[in-house]
Amino acid sequence: MHGMPRVTRRQFLQIGGAALAAGAVPKGAADAMEMDMGGRAYNYARVAVDRKKTAYTVSPFAKLKTPQQVFLENGQVVSATGFLHHPATRGRSSAVDMVAHLTASDPDRLLTPLKREGKRGENRWKKISWQEALDEIGKALNAATAKNGAAAVWLVRGEDSTDGAWKRFMHTLGSASVVSLVGDGNKKAAQAATWGEEMEVPDFANARYILNFGSNLYETFPAHAAAVADGRAERHAKLVTFDPRMSMTAGLSDEWVPVLPGSDGLVALAMANVIMQEGLADTAFINAWTNISADKLAKHLSQFTLDMAEKESGIKADVIKRIALEFATEKPATVFSYRGASSHSNGTDTERACMLLPIITGNVEVKGGYCLPRRIHWDDVKPVPPAPAKQAAGAGALFPHAAKAGRAKVGVLFNYNTNPAHSAAAAPYWREALKDEKAVPFMVSIATHMSETAALADIVLPEATYLERNEPVTSPSSLFPWLGVRTPLSKLPDEVRELKVILRDIVHTLDKEGRRGMKQYWDFEDAEEWLVKYADSIPRLKEDGGIDTVKDNGLWPSYGELDSKSGKVLDQDGKPLKAEYGKHKKAGFATASKKIEIQSAALQKRGRSALPTWQKAGNLAVPPGKEKDAFVFVTFKTAYQAGLTTGNNKYLVEKDHHNHCQINKKTAAALGIKDGDLIRVVSPVGYIVTKARATQSIHPQVVAMAGGRGHNAVGRVARMEPRRKPEWVAVAEDRDIRFNLWWEDKGINANEIMPLFADPASGSAATAFVVNVEKARAGDNYGDIKTDVALHEAFFKKAAESL
């Protein structure tokens, strides 16, 4: 062996990837894919079937949650796969969920309560006991509410997957001061205003035509991806994707339409106009099940012409018309739209416009159509705290400005499941506001890892990972409602607590004797007690064995088993599952009128158009004097990143770490830019220096970068500081991180130069903006970021005036 060339980890992975692509990995090589420090070889995918100890949980990261099967050795989860008998996924899982179990053993996770020392942002911490932390928080809460009432207690959160724990906590304190920072806020607002639900479930598997606006569902929605594959294979469904970037979904579609960002809504309205004018609308459904007549709707839509849509979107009028006619005649047909279409300052109306297409063609709640979500519902644990009277001022994307300006009276701020100091639009301004102790006198962050936002808190509390919790989960990932549970599969570290227990302990600190009326709402021994109560409130589940049935079988109810020949889940009689349709015919839609409210009184009260409309997105207006070399900058998600903790997963980051700026190849050549060149991306609030990724797979007027990169916190992998060890870590060193991180590029956070634009209808921030692109200047280095907080603040002031 002496003198043989050494194969680096990177070369090994490249060789392995090439061999896998060719189907040529010999058995011995496959067995050696993963090795522990003792030299023993593992291939968990191969040996999983032989492992005796298995259990079930629910995926933590994908937007639509799905059941998982996990495998354990020595009390630790060592591998995870999708659940074979789930009607939608049939064993499929996203990349982020397949390695999510590593979060529990991440050496950079938080393991003890921490108290800030020094100024905010100095990253100086002192380990404290839980009692000390609770006493500090209780003191701050009492002071805040005494001064400005319960509304002075604020919560900034991301996706709420806590089965109502945070809602119960805030209501217990009497506060409705909640800032929801989610990527699909405009979509949710439009869906809720139109038919009373926040999400649709397209019946892709039975559709013959599928319109996709701005979603990379093949990478980020595994349950939907499986259904789309069925529809295309068995029904010969045509998939048409509108996206400025050739995502994996766009590339695998029957037709990719590279639409100019922000114009999707106008395209959808023009298509709806064609359908109405050509007499292809289902007027009977419109008249019976919407709150507007077909004639009145047709008159409204007549203003959105094909010529107008072509001018704004760059898509030829005859292409838009052809797709509209195909959609209206190839029934059943369905639509899916996501943040690529709706994350603009006109995003709520864009989503409403996309919803019109299945509505006016009668493709609602029919086989192969556009369906309402299906979930398992459970009762809240009684007694239930009363809801506060009204929402506090300053909620939404404008919160940091409202706090600094005094419109939002903040006494104590809780931060959970979101990292606005890194991931929000105008991230530098968020940091500025959270550092300001006059704007935010006291801040508590509850998390598994030290994020950029948690690093600005006064107290940081370590919470359990999804493998250490007790909570029910249901998600509208198919037309078959299901319930899954997360129960402790890994030992909870000694100084880490479940969220419900943390919130209970805060309440008990405030109301030790129960005289303030708070303690009664949090009277439980542990989170498992509440999980059992939730389960007992679900009709039929208790008779079927209760929560133990869900734990033992992976989901409830059991619809059948996966048939290896057909690849489908078959019922007990060996027949394909049949979904129920026409849900609206039983009790109507979840709106005041019990109909689809195309004409929205709720949006009209907020000063918005009652009917779906379109206007140019303010976030895409070109600043005066910046017309030359101006581009629309968009961000996107990949299959390997899904929020905070995935940024520190060594396997995911190894696969996908840098995020060079995608630019059209011909456009780049015209600017004298070659693939790999350093470039400046300049926005109205600053610039970043990155590398060009010249490609033909993006609109000529658009540039794009993946989000979730460029961390300065979270952990050593996310920061690309493998030999630095944070002071709060108290577990064994991961030598793989210390010695085998071969890459040096951690990517760049584009949110640093993203100015704040908000949709007035929802208050959610836009995630696209106009930039100028130029070759790097003398002295520029890769990763340089320059922003001006004062310029960021000017955009907040302007947005505040329009809301």
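In numbering that gives the first Met the number 0, the protein residues as written are 0 to 802.
No residue lacks a Cβ here, since even glycine has one placed at the ideal position from N, Cα and C.
Asked                                                                                                                                                : Found
Going by alpha carbons, who is nearest to T102 out of S474, T694, Y465 and P611?                                                                     : Y465
Between the stretch 654-667 and the stretch 688-703, do at least 3 Cβ pairs fall closer than 8 Å?                                                    : yes
For S92, verify whether its CB is less than 7 Å away from any heavy atom of the ligand ADP.                                                          : Annotation note on the ligand ADP: not contained in the displayed structure, which lists no ligands.
How would you write the range of the alpha helix (DSSP H) that Y533 sits in, first residue to last?                                                  : A526 to D535
Here's the rule: buried if 16 or more other CB atoms are within 10 angstroms of the residue's CB, otherwise exposed. What is H400?                   : buried
Looking only at C-alpha atoms, which of T634, K797, G782 and P683 sits nearest to H343?                                                              : T634
Contact between the stretch 760-772 and the stretch 674-694: three or more CB pairs below 8 Å?                                                       : yes
Do you know offhand how far N141's Cα is from D525's?                                                                                                : 25 Å
Ignore the nearest five residues each way along the sequence and tell me which others in G137's own chain have a CB closer than 6 Å to its CB.       : T508 and L509
Could you check where the alpha helix (DSSP H) with K797 kicks off and where it finishes?                                                            : V788 to S801
Taking Cβ positions, are E116 and K126 nearer each other than 8 Å?                                                                                   : no
Keeping to the same chain, check which residues put their C-beta closer than 8 Å to that of W428; ignore five residues upstream and five downstream. : What sits at residue 428 in the sequence shown is Tyr, not Trp. These residues qualify, in order along the chain: P399, H400, L755, V788, H791, E792 and F795.
Just checking my contact of V266 with V258 at CB under 8 Å: how many whole Å lie between their CB atoms?                                             : 6 Å
At what residues does the beta strand (DSSP E) containing V178 begin and finish?                                                                     : V177 to S179
Using DSSP's beta-bridge definition, name the partner residues of F635.                                                                              : A705
What are the residues that DSSP puts in a beta bridge with W153?                                                                                     : L412
Cutting at 8 Å between CB atoms, please list the residues of its own chain near A206, excluding the five before and the five after it.               : G230, R234, A236, P331, A332, T333, G367 and G368
The alpha helix (DSSP H) with W124 in it runs from where to where?                                                                                   : Counting along the chain, W124 falls outside any alpha helix (DSSP H), though it belongs to the beta strand (DSSP E) covering W124 to K126.
Looking only at its own chain, which residues have a Cβ that is under 6 Å from the Cβ of I687, when we skip the five neighbours before and after it? : V680, I747, I752 and I784
Quick check on the burial criterion: 16 or more other C-beta atoms within 10 angstroms. Buried or exposed for S312?                                  : buried
With distances taken between CB atoms, is the gap from A226 to A87 smaller than 8 Å?                                                                 : yes
Which one or two residues does DSSP pair with S444 in a beta bridge?                                                                                 : N414 and V459
Does the pairing of the stretch 288-305 with the stretch 242-262 give three or more beta-carbon distances under 8 Å?                                 : no
So, with DSSP's three-state summary, where would you put I319?                                                                                       : helix
For W255, write down the residues that DSSP places opposite it in a beta bridge.                                                                     : T240
Quick check on DSSP: helix, strand or coil for E364?                                                                                                 : coil
Between which two residues does the alpha helix (DSSP H) containing D306 stretch?                                                                    : L305 to S312
Pick out the complete alpha helix (DSSP H) segments inside the stretch 674-761, 4 residues or longer, and give them in chain order.                  : 715-718 and 734-739
What do you get for V6, buried or exposed, if any count of 16 or more other CB atoms within 10 angstroms of its CB means buried?                     : Low confidence applies to V6: its pLDDT is 36, below 50, so where it sits in the model is not reliable, and the reading given next is rough at best. V6 comes out exposed.
On the three-state DSSP scale, how would you describe G782?                                                                                          : coil
Using a threshold of 8 Å, state whether the C-beta atoms of A423 and N122 are closer than that.                                                      : no
Among V506, W555, T666 and E732, which residue has its Cα nearest to the Cα of A534?                                                                 : W555
Classify S801 as buried or exposed, calling it buried when 16 or more other Cβ atoms lie within 10 Å of its own Cβ.                                  : exposed
Going by DSSP in three states, F768 sits in which element: helix, strand or coil?                                                                    : strand
I'd like the span of the beta strand (DSSP E) that includes P471, first residue to last.                                                             : E470 to V472
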